[in-house]
Each structure stands twice: as structure tokens, then as C-alpha cells.
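Trainee: Take a look at this one; I'll ask things after.
Chains as they are written, first to last, in the working numbering: chain A, 1143 to 1443; chain B, 33 to 189.
The structure is reproduced here in C-alpha cells:
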């Protein structure tokens, strides 16, 4: 094999391009035990990193600064396991691994579709579910599905571990119920669950979603769950749509009523990606599309 | 400034002690190692021009700390011939040729090589095109790129 490794002098001129940006500096540690990781992130001036695909941009944009970055990639949190009717996703598992699991697309189609909606493959080889949860972006493609699936967030801290419903965990953009020094170990969802995730973007491959809608029928539920993303600072459930969707296979008029009612009583955001009025329109269209995609076909008689 | 770091780049084992802890893999490759084939496009993870393989998986080097890939096997466009799918991808891109200005080409080649080597992913042409949505060609020269991908899809084998 031919190997090219040019030995170019790294003089000041060559480096000036990279250094023209505001210099980002921090020290880096990668603990290999949960105890050591908790100690490290509990130290003032430290910030945890998993995939880094959002966090490093925050450093570049001077949105955050830290003396020390604590990598969670040395921890045994890259698992994808099934136990007691739940799929457990380790917080630092790259999203691509969820997508490539042959059973996720079958048991949790909405989860598969939402993971697929995040960035491109090279990004998904690093981006993680834990990072997506902590960033809590209003436009997150994962959060509406996880909310519709009634996900549980499993958290560890110096005192021990706790579990929180995703609904309680989410507060707003970049705001979650995670105390300093706490870390997300995993996220779990019940399965199998007929589900779907659909989104609308200005430019499909190159932008984040204006609105994302997830629907899911979790085992034992009395109705379809409907979750809306990109409309207010955190994804929300839509009880006004859900009350029309008690049947596993709702009638056409029930789907229409649910689509019309989905954004009832909620004031949506207007921003550079969409006006409030357009978001209302998108929600009604996407609720219908998501249900059409998720509702299982009649079993052949 | 910090502890020495070990990397294997295009088959060569390296140990460097001049890297910053906050340094991105993109900058290490281009400015420390002189491997200018890996391009900086947006530096925000949107364009895919900086894509390299880390242990065979396509990765955005602009959003990856070099420290995070310590001990891994890194392949850049300069070493892609050594990857199992690399020669076929280069041949397909060269036959078209699937490029205009060429700036996005290393990223496309690396992302496509990674996809073709990935277990569990399907390699139908339509899937491959879909899975390359993270790579952007500012010349909008996609037709020749898609034709090159067509020569690599499973349908033709």
C-alpha cells in the first residue's frame, strides 16, 4: 500500500488559518469508570462531551467555555439492549448503531425514522442520544419520537441513580432537569410500538426541521400518542389530537379531526424558519401523514 | 503541552506530543501532518468535505477531537487505496469523472467508501445516494456523482 504522509513544516503561517478563529482551549480527560467520570464532571469548570457534534460548535461560537472537557466515550454506555419489553439505548451509543440494528426499524419504526433524519451518516457515526437529550434543541428530530414513546431517562449522579420521564426531564431549549455533576446513562422506550416520524424542512438535506411530528402507540395504551417538535421551545404532546385517536386503526374522519385539533390552544413560535401560521398548517398536514405512515395495515382475513 | 497521543494514519503509526487537547482531527491532519487532501468546508458539520474514516467509519474530522480518536486507525483520501472499497470508488469517480472543482470530492470518496464497507447497511444505489446527503457539492455537480455511485450499487453486481 502506498502511504502519503508529507512532512510539511507546521510553521506559523501554515497554522494561521486554523488559528484565525477565536482560540478554543481546554484540557481533555477520558475517564474509564463511571465513578471517575462523575468526579470529573462534578469539578467546577468541567463539561461532559459524548459525540461533540453540537458541543464543539458551542465552543466555536463562544456559547460555552470550559477549563476541562470530560469525554464519556471511555464508559460502558454504548449498549443497545432489550429487557422487560423495553429497548435500552446507552447514552453515548452513536446514532448510526441504532439505525443499523436490524430490529429497531421493525419494532420501533418511528425511532428508526427519527434517527435517520439527523444529519448525515458521518455525523451519526459520532452524534449520540445523550447529547441530543442534553442539548434539548427545539428542532430535535429525536425528542418528539421519544416523547410519543413515553421514554424514560436513566440518570446517574454522585448520590446514586434515578429515572425520569422524558416529559419531566425536558424544560426548554438547552434546559433539562439534570443537576450539575449528573450524567445520562441511558434512555429506554417500550417496544414494539407502531410509530412514525415525519418532518418538514426548507431544504431537506441541509437544514434542521421546521416542524417534526411523531405518533406512537405504546403497548397497553388507550390511544395514539402525538408529539410535536419545532413549535415551542420544547417538544410537546398534543392531548387535543390524541383524544380522537383511541382506535388502533382510527377512522378517516377521526384522523381529520385529530389533524385539525393537534395545535389547538398552543401559541407556536415564529422564527426565520417558519411563521406561526405556517407551523399550524404544517402540524395538521404532518399529523395526518404520520398517522398514515404508522397505522398498521388490516390483517388479511 | 499535553500527553503524547498515538494515531495510525494511513497505515503509519505516529506518536505526537505537540497536539493541543482542544485540537480537531481536521487541523491535526492538515496542519500537523500536512495531509491537505482532507478539506475544510463549513467547519460546522453541514458539508461533509472533511470526512475521513476512523476505524473504517466515516467521520466528520471538523467536529472530532483528535484526543477522542487516540489509538484508532484513521484513513484519509491520501490512503483510501488501502481500504477494501477504496480502489473501486476511485475508479468509479475517475471514470465519469465525478467532479467539477474537486473540493468536495475527498469527502464524497471517503463517505462512500465507508458506506460500502459498513456491515448492515444496504448498498442499493438509491440508498447510497440517500446516505450521502451529508455531503454537499457547491458546484451542484451531483449528476456525475450519482452516475458514479450507480456504478457501485449492488444492482450491478
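Every residue gets a Cβ at the ideal spot worked out from N, C-alpha and C, and that includes glycine.
Hey, is residue 1199 of chain A's beta-carbon within less than 8 Å of any beta-carbon in chain B?
Mentor: Start at 1 with the first residue of the first chain, and residue 1199 of chain A comes out as number 57. Residue 1199 of chain A counts as touching chain B.
Trainee: Where do the N-terminal and C-terminal ends of the alpha helix (DSSP H) with residue 1244 of chain A fall, by residue?
Mentor: Here residue 1244 of chain A refers to the residue found at position 102 of the first chain. Note, residue 1244 of chain A: premise wrong, no alpha helix (DSSP H); not H, not E.
Trainee: Just the Cα atoms here: how many angstroms apart are residue 1437 of chain A and residue 1258 of chain A?
Mentor: On the first chain, residue 1437 of chain A is found 295 positions in, with the first residue counted as 1. On the first chain, residue 1258 of chain A is found 116 positions in, with the first residue counted as 1. Cα to Cα, the separation comes out at about 20 Å.
Trainee: Tell me the residue span of the alpha helix (DSSP H) that contains residue 138 of chain B.
Mentor: Numbered from its first residue, the second chain carries residue 138 of chain B at position 106. 137 to 149 is the extent of the alpha helix (DSSP H) around residue 138 of chain B.
Trainee: Which residue wins for smallest C-alpha separation from residue 142 of chain B, given the options B/92, B/46, B/156?
Mentor: Against the second chain, residue 142 of chain B aligns to sequence position 110. Of B/92, B/46, B/156, the residue nearest in Cα terms is B/92.
Trainee: Could you spell out the range, first to last residue, of the alpha helix (DSSP H) harbouring residue 121 of chain B?
Mentor: Along the second chain, read from residue 1 onward, the residue named residue 121 of chain B stands at position 89. Per DSSP, residue 121 of chain B belongs to the alpha helix (DSSP H) from 118 to 127.
Trainee: For residue 1333 of chain A, count neighbouring C-beta atoms within 10 Å of its own C-beta (all shown protein chains included) and say buried if the count is 16 or more, exposed if not.
Mentor: As a first step, residue 1333 of chain A is located in the first chain; it is residue number 191 there, counting from the start. Label assigned to residue 1333 of chain A: buried.
Trainee: Between residue 54 of chain B and residue 1166 of chain A, which are expected to be in contact by the criterion C-beta below 8 Å, what is the C-beta distance as a whole number of angstroms?
Mentor: By one-based count along the second chain, residue 54 of chain B stands at place 22. By one-based count along the first chain, residue 1166 of chain A stands at place 24. Indeed they touch by this definition, with Cβ atoms about 5 Å apart.
Trainee: In its own chain, which residues sit with a C-beta less than 8 Å from the C-beta of residue 1374 of chain A, not counting the 5 before and 5 after it?
Mentor: To locate residue 1374 of chain A, count along the first chain from 1; it is residue 232. Once the five neighbours on either side are set aside, the close Cβ partners of residue 1374 of chain A are 1280, 1408, 1409, 1410, 1411.
Trainee: Would you please verify whether the beta carbon of residue 1215 of chain A is less than 8 Å from any beta carbon of chain B?
Mentor: Counting from one through the first chain, the residue named residue 1215 of chain A turns up at place 73. Chain B contact via Cβ: present.
Trainee: Rounded to whole angstroms, how far is the Cβ of residue 1282 of chain A from the Cβ of residue 1356 of chain A, which I believe are closer than 8 Å?
Mentor: Your numbering for residue 1282 of chain A matches position 140 in the first chain. Your numbering for residue 1356 of chain A matches position 214 in the first chain. Actually they are not in contact, since the Cβ atoms of residue 1282 of chain A and residue 1356 of chain A sit about 11 Å apart, beyond 8 Å.
Trainee: Does DSSP put residue 111 of chain B in a helix, in a strand, or in coil?
Mentor: As a first step, residue 111 of chain B must be located in the second chain, where it is residue number 79. Helix at residue 111 of chain B.
Trainee: Around the Cβ of residue 1241 of chain A, are there at least 16 other Cβ atoms within 10 angstroms (buried) or fewer (exposed)?
Mentor: Taking the first chain and counting its residues from 1, one reaches residue 1241 of chain A at position 99. Answer is buried; the Cβ neighbour count reaches 16.
Trainee: CB residue 167 of chain B to CB residue 139 of chain B, shorter than 8 Å?
Mentor: As a working note, residue 167 of chain B is residue 135 in the second chain. As a working note, residue 139 of chain B is residue 107 in the second chain. Against a cut-off of 8 Å, the Cβ pair of residue 139 of chain B and residue 167 of chain B comes out as a contact.
Trainee: Around the C-beta of residue 1266 of chain A, are 16 or more other C-beta atoms found within 10 angstroms, so that it is buried, or is it exposed?
Mentor: Taking the first residue of the first chain as 1, we reach residue 1266 of chain A at position 124. With 16 or more Cβ atoms within 10 Å of its Cβ, residue 1266 of chain A is classed as buried.
Trainee: According to DSSP, residue 1425 of chain A sits in a beta bridge with which residue or residues?
Mentor: In the first chain, residue 1425 of chain A corresponds to position 283, counting from 1. Answer is none; residue 1425 of chain A lacks a bridge partner.
Trainee: In chain B, which residues lie with their C-beta within 8 Å of the C-beta of residue 1343 of chain A?
Mentor: Here residue 1343 of chain A refers to the residue found at position 201 of the first chain. Per Cβ cutoff of 8 Å: no residues; residue 1343 of chain A is ~11 Å from chain B at best.
Trainee: When you compare each of A/1317, A/1365, A/1343, A/1218 to residue 1336 of chain A by their alpha carbons, which one comes out closest?
Mentor: Along the first chain, read from residue 1 onward, the residue named residue 1336 of chain A stands at position 194. Residue 1336 of chain A has its Cα closest to that of A/1365, out of A/1317, A/1365, A/1343, A/1218.
Trainee: Which class does residue 1236 of chain A belong to by DSSP, given the choice of helix, strand or coil?
Mentor: Looking up residue 1236 of chain A in the first chain gives position 94. Here residue 1236 of chain A sits in strand by DSSP.
Trainee: For residue 1172 of chain A versus residue 1233 of chain A, is the C-beta distance shorter than 8 Å?
Mentor: The residue you call residue 1172 of chain A lines up with position 30 of the first chain. The residue you call residue 1233 of chain A lines up with position 91 of the first chain. Taking 8 Å as the Cβ cut-off, residue 1172 of chain A and residue 1233 of chain A do not qualify as a contacting pair.
Trainee: Just checking: is the beta-carbon of residue 88 of chain B within a distance shorter than 8 Å of some beta-carbon in chain A?
Mentor: Residue mapping note: residue 88 of chain B aligns to position 56 of the second chain, counting from 1. So no, residue 88 of chain B is outside the interface.
Trainee: Kindly indicate which three-state DSSP category residue 1352 of chain A falls into: helix, strand or coil?
Mentor: Your numbering for residue 1352 of chain A matches position 210 in the first chain. Reduced to three states, the DSSP call for residue 1352 of chain A is coil.
Trainee: In angstroms with no decimal places, state the Cα-to-Cα distance between residue 50 of chain B and residue 64 of chain B.
Mentor: Counting from one through the second chain, the residue named residue 50 of chain B turns up at place 18. Counting from one through the second chain, the residue named residue 64 of chain B turns up at place 32. Taking the straight line joining both Cα atoms gives about 9 Å.
Trainee: Return the chain-ordered list of same chain residues with a C-beta closer than 6 Å to the C-beta of residue 1387 of chain A, the five sequence neighbours on each side being excluded.
Mentor: For the purposes of this step, residue 1387 of chain A is taken as the residue at position 245 of the first chain. Contacts found: 1365, 1366, 1400.
Trainee: Is the beta carbon of residue 70 of chain B closer than 8 Å to that of residue 85 of chain B?
Mentor: For the purposes of this step, residue 85 of chain B is identified with residue 53 of the second chain, where counting begins at 1. For the purposes of this step, residue 70 of chain B is identified with residue 38 of the second chain, where counting begins at 1. No. Outside cutoff.
Trainee: Going by the CB atoms, is the gap between residue 1390 of chain A and residue 1378 of chain A shorter than 8 Å?
Mentor: For the purposes of this step, residue 1378 of chain A is taken as the residue at position 236 of the first chain. For the purposes of this step, residue 1390 of chain A is taken as the residue at position 248 of the first chain. Taking 8 Å as the Cβ cut-off, residue 1378 of chain A and residue 1390 of chain A do not qualify as a contacting pair.
Trainee: Unbroken beta strand (DSSP E) runs of length 3 or more, entirely within the segment 1286 to 1359 of chain A: which are they?
Mentor: Complete beta strand (DSSP E) runs here, min 3: 1294 to 1299, 1302 to 1307, 1312 to 1314, 1325 to 1332, 1337 to 1342, 1353 to 1358.
Trainee: So is residue 165 of chain B in contact with chain A if we call contact Cβ pairs under 8 Å?
Mentor: By one-based count along the second chain, residue 165 of chain B stands at place 133. So, interface residue.
Trainee: Measuring only between beta-carbons, confirm whether residue 1264 of chain A sits less than 8 Å from chain B.
Mentor: As a first step, residue 1264 of chain A must be located in the first chain, where it is residue number 122. So yes, residue 1264 of chain A belongs to the interface.
Trainee: Put residue 1168 of chain A into one of helix, strand or coil per three-state DSSP.
Mentor: Translated into positions along the first chain, residue 1168 of chain A becomes position 26. Correct three-state label for residue 1168 of chain A: coil.
Trainee: Which residue marks the beginning of the beta strand (DSSP E) containing residue 47 of chain B, and which one marks its end?
Mentor: Locating residue 47 of chain B in the second chain gives position 15, where the first residue counts as 1. 44 to 48 is the span of the beta strand (DSSP E), which, as asked, contains residue 47 of chain B.
Trainee: Since residue 1323 of chain A and residue 1194 of chain A should fall inside the 8 Å C-beta cutoff, what is the C-beta to C-beta distance between them, to a whole number of angstroms?
Mentor: Here residue 1323 of chain A corresponds to residue number 181 of the first chain, with the count starting at 1. Here residue 1194 of chain A corresponds to residue number 52 of the first chain, with the count starting at 1. The pair is not a contact, with the Cβ atoms about 20 Å apart (cut-off 8 Å).
Trainee: Starting from residue 1244 of chain A, find everything on chain B with Cβ-Cβ shorter than 9 Å and list it in chain order.
Mentor: Counting from 1 along the first chain, the entry for residue 1244 of chain A is found at position 102. The answer, in chain order, is 152.
Trainee: Taking buried to mean at least 16 other C-beta atoms within 10 Å of its own C-beta, is residue 1397 of chain A buried or exposed?
Mentor: Taking the first residue of the first chain as 1, we reach residue 1397 of chain A at position 255. That one is buried.
Trainee: What do you get for residue 1206 of chain A, buried or exposed, if any count of 16 or more other CB atoms within 10 angstroms of its CB means buried?
Mentor: Counting from 1 along the first chain, the entry for residue 1206 of chain A is found at position 64. Residue 1206 of chain A is exposed by the Cβ-count criterion.
Trainee: For residue 58 of chain B, which of helix, strand or coil comes out of DSSP?
Mentor: Stepping through the second chain from its first residue, residue 58 of chain B is reached at position 26. Looking at residue 58 of chain B - three-state DSSP - the assignment turns out to be helix.
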